[in-house]
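64 is the number of the first residue of the sequence shown in the working numbering; add one for each residue after it.
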Amino acid sequence: MIKKTLLFTNKCTITTTNEQLVIKSENRNKTIPIEDIGYLVIDHNETYISIPALNKLINNNCACIICDNKHLPNGMFLNLNSHHIQQEIFKHQINASLPLKKQLWQQTVIEKVKNQGILLEQITQTKNKFDYLASKVLSGDTSNMEAVAANFYWKAFFEIDFKRERFGNYPNNFLNYGYAILRAATARALSGSGLLNTLGIHHKSKYNAFALADDIMEPFRPIVDEIVHHIMQNYDEQELTTEIKSEILSILTRTVYFKDEKSPLMVALQKTASSLQQCYSGKRKKIKYPNLWN
Numbered sequence: 064m065i066k067k068t069l070l071f072t073n074k075c076t077i078t079t080t081n082e083q084l085v086i087k088s089e090n091r092n093k094t095i096p097i098e099d100i101g102y103l104v105i106d107h108n109e110t111y112i113s114i115p116a117l118n119k120l121i122n123n124n125c126a127c128i129i130c131d132n133k134h135l136p137n138g139m140f141l142n143l144n145s146h147h148i149q150q151e152i153f154k155h156q157i158n159a160s161l162p163l164k165k166q167l168w169q170q171t172v173i174e175k176v177k178n179q180g181i182l183l184e185q186i187t188q189t190k191n192k193f194d195y196l197a198s199k200v201l202s203g204d205t206s207n208m209e210a211v212a213a214n215f216y217w218k219a220f221f222e223i224d225f226k227r228e229r230f231g232n233y234p235n236n237f238l239n240y241g242y243a244i245l246r247a248a249t250a251r252a253l254s255g256s257g258l259l260n261t262l263g264i265h266h267k268s269k270y271n272a273f274a275l276a277d278d279i280m281e282p283f284r285p286i287v288d289e290i291v292h293h294i295m296q297n298y299d300e301q302e303l304t305t306e307i308k309s310e311i312l313s314i315l316t317r318t319v320y321f322k323d324e325k326s327p328l329m330v331a332l333q334k335t336a337s338s339l340q341q342c343y344s345g346k347r348k349k350i351k352y353p354n355l356w357n
């Protein structure tokens, strides 16, 4: 089932009754079944949400995201008890061998580089060597082909003079918003599969509570790049308006493709997370990443 994504950019009150989310604002009152909600994004300083509503959302594995004064996602509530054999899954994840983690990171970087190459060809209408770069990714990406590919990618991606930076100029603000939403969606999927987001495959910063999400989201990043490129072609605004945020949030229901089926991104992330859990337990050898384009 495709879950709803709710974005709150105006002052309102969010409470709950009879397993419904009750939303009250100056203009309207609305109720939505809590079981239908996958993501809730609060982007207004005067939004009130009750603790019972927050708890019910979290119990339904809804990712509740809070934005900062710059309107960028800043924090997230996730269910910490979302899988019936969570302790066993944690044990497999914690005890994963270094060779296994290196192989999983190699698979992840290969998928990311391939996806960057496909999108870049679509945008520039020019053949590139990203398949070759992907073939050179070693176990653990010890040759850092991810960085080599990124250097080529960003130099060719936009028509404007662009430098990819976390706090850089437009369109970095659009990319940062999209990546934060993708990160939240990935973290939700991993949590739903009983995995510990803090314990990454490659990302290891002691300050990073979502290191595993930062690992697994990498091959999906071109989905954000694609929508940002589309926005730049169709909007003159350089600030994050409500309309542009809604465009970026649409990535959660964008179709991606597995071998025998297609799925919305939010469902595909769950399948990817489940496959990673199976890799940790020894039931699989490869993470199940989808094709981003058919």
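Note that beta-carbon positions come from the ideal geometry of N, C-alpha and C, so glycine has one too. Bear in mind that the values here come from a model prediction, so they are computed numbers and not experimental data.
First and last residue of the alpha helix (DSSP H) that includes PRO162? 161-187
From TYR102 to LYS154, what does the alpha carbon distance come to, in whole angstroms? 28 Å
Ranges of the beta strand (DSSP E) found wholly within the segment 262-301, counting only runs of at least 3: none
Where does THR358 sit, in a helix, a strand or coil, going by DSSP? One cannot answer for residue 358 here, as it falls past the ends of the chain, which runs 64 to 357.
Bridge partners - ILE112, DSSP secondary structure assignment: ILE77
Just mark ASP194 as buried or exposed, buried being the case when its beta carbon has 16 or more other beta carbons within 10 Å. exposed
For the candidate residues LEU245, VAL172, GLU302, GLU289, whose alpha-carbon lies nearest to that of ALA213? VAL172
Quick check: what's the CA-CA separation for ALA250 versus ILE128? 11 Å
If the criterion is Cβ atoms closer than 9 Å, does the pair MET139 and PHE273 meet it? yes
Using only the alpha-carbon positions, how far apart do VAL104 and THR68 sit? 8 Å
What is the DSSP secondary structure of LYS322, counted as helix, strand or coil? coil
Ordered along the chain, which non-local residues of its own chain (more than five positions away) have a Cβ less than 6 Å from that of LYS119? THR79, ILE97
Do ILE290 and ILE314 have their CB atoms nearer than 9 Å? yes
If you compare alpha carbons, which of LYS74, GLU82, ALA159 is closest to ARG91? LYS74
Should ARG229 be labelled buried (16 or more other beta-carbon atoms within 10 Å of its own) or exposed? exposed
Whether or not the segment 299-317 and the segment 338-347 are in contact is what I'm after, with contact meaning three or more pairs of Cβ atoms, one per stretch, closer than 8 Å; do they touch? no
Does the Cβ-Cβ distance between ASP288 and LEU182 come in under 9 Å? yes
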